[in-house]
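Protein chains in written order, with the working numbering: chain A, 466 to 572; chain B, 466 to 572; chain C, 466 to 572; chain D, 466 to 572.
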C-alpha cells in the first residue's frame, strides 16, 4: 500500500469526473457558456493524471506536485460550481475532495 | 541524432498547433460550431505529445505508436480543414505533415 | 457509468502496479538484471495512464488506443513474469488483467 | 508566436535530452550506478512534456507549472552533473537551460 494511496485514488476519481464533464460540456446546447469549464476541465484532468502517475512511481517531488494539483482542483471546483448541470456538480465535488487530499500531502 | 528525429519534431510542432487551435476555438464567438474541433484538437495534441515522448526514450513500441498517431492526425486534419479560421488551417497543415512522418515510421 | 468503466479501472490498476514495479526495480541490489523491466514498466504505465484518460473523455479513438495498450501490457507481463520478485509478479498479473479488458474493447 | 515560445522550446529540448539519457543509462554496463539518474530523468522528461503541453494550450496555471518544472530540472541537472557520460553531461546542460527559462516565466 502506497503512503499516498488515498491521494492517488482521489486524483484518479477527479481525472475521470473532469473528463466526463469535458465530454458533456462539448455536447451541451450552449457550448459557449461552457468555454471556461471546458478549458479548466482539461487542465484539471491532466494535472490529476500527472499527479497520480507521479505518486505511484514514488516521485521525489510528490509534495510540490500535490500542491500544484490542489490549486488547479480548487480553481476547477470554483468554475464548475457556477453551473447547474449534474456533470458540473459532480465534477466540483470530486475536485473539492481531491484538493483536500492533495493539500494534506502538500504540507 | 535519434533515428526518429524528424518524426519527433513533426509531432512536437503538431502538438503545439493543435493546442493553439484548441485555445483559439474556445475564444471564438461561436464556440458551438467548434465543439468537434475542440474535442479532436485535444486528442491530437495528447497523442502527439505521447508519441514524441515515447520516440525520444527509444520505446520498443515506436512503430505501433506512430501508426495510432498518424490516424488521429489525419482525423484532426480532416476536421480542421472544414473551418476557415487561420488557426484551423495551420493546425490542419501541421497534422498532415505529422501524419506523413508517422506513416513513414509506422511501416 | 462509462461504457468503458471496467477497462478504465483495469488501466488505472495496471498503471499503479507498473509504477510500483519501476520504483522497486530501481531499488533492487542488482539493478542491471532489471533494466528491461524498468524500461517496459515505464512504457506500460504511460500507455495505461494515456488510455484511461482517453477513455474517460469519450475519445473517438478508444478502440485503437485499447489495441495499442493491450499489446504493451502483454509485452510487460511477459517481461515481468521472468522475475521472481513479488512486485514483478503483481505487475504481471495487473498487466494480464488489463490486456484482457483492452482486447475486449479493441474488437 | 506564443509568449512562452522560448520556454516551450527549452522544455521540449529538455524532455528529449532526459529521455535520451534515460535510454542510455539503461544500456550502461553498470546500471546500478545510474539508478538515481534513471529515476530523475523520467521525472524531468515527464514534467517538461507536461509543461510544454500546458504552455502551448495557454494554461491559466502557466506560472505555477513553470515553477515546478524549474525545480525538477535543477534537481535533474544536479544528479546528471555527477556522471561523466556524455549523455549525462548533455542532459545536465539542457536541464540548466530549461530551468533558467522556466524561472523567468515563474516570476
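Here a beta-carbon is modelled for each residue, glycine too, at the ideal position from N, C-alpha and C. Computed from a prediction, not measured in an experiment: that's the story for all the values here.
Could you name the residues of the same chain whose beta carbon sits closer than 6 Å to that of residue i, not counting the 5 residues immediately before and after it, in chain order?
i              : result
residue 557(B) : 542, 545 and 546
residue 559(A) : 478, 479 and 482
residue 493(B) : 499
residue 555(B) : 482
residue 519(C) : 530
residue 516(A) : 476, 530 and 534
residue 469(D) : 520
residue 526(B) : none
Hey, could you find the ends of the alpha helix (DSSP H) residue i is sitting in?
i              : result
residue 487(C) : 470-491
residue 499(A) : Looking at the DSSP string, residue 499(A) is not in any alpha helix (DSSP H), and its letter there is neither H nor E.
residue 548(A) : First-last for residue 548(A): undefined, no H or E at that position.
Return the chain-ordered list of same chain residues with a C-beta closer than 7 Å to the C-beta of residue i, the five sequence neighbours on each side being excluded.
i              : result
residue 582(B) : Since the first residue of chain B shown is 466 and the last is 572, residue 582(B) is not available in this structure.
residue 571(D) : 528, 531, 532 and 535
residue 538(A) : 479, 509, 560, 563, 564 and 567
residue 552(D) : 485, 486 and 489
residue 475(A) : 562, 563 and 566
residue 540(C) : 505
residue 507(A) : 487
residue 524(B) : 530
residue 548(B) : 502
Give me the Cβ distance between residue i and residue j, rounded to the nearest whole Å; I'm assuming they're in contact under 8 Å.
i              : j              : result
residue 567(A) : residue 472(A) : 6 Å
residue 503(A) : residue 503(B) : 7 Å
Whose C-beta lies closer than 8 Å to the C-beta of residue i among residues of the same chain, with five residues either side of it excluded?
i              : result
residue 588(D) : This structure leaves residue 588(D) out entirely; chain D is present only between 466 and 572.
residue 496(A) : 490 and 503
Examine the ligand ZN and report whether any of its heavy atoms sits within less than 6 Å of the Cβ of residue i.
i              : result
residue 475(D) : In terms of ligand content, the structure shown is empty, and the ligand ZN therefore cannot be addressed.
Practice task
Would you be able to state if there are at least three C-beta pairs under 8 Å between the stretch 510-525 of chain D and the stretch 489-500 of chain D?
Solution key: No, because fewer than three Cβ pairs between the stretch 489-500 of chain D and the stretch 510-525 of chain D fall closer than 8 Å, the two stretches do not touch.
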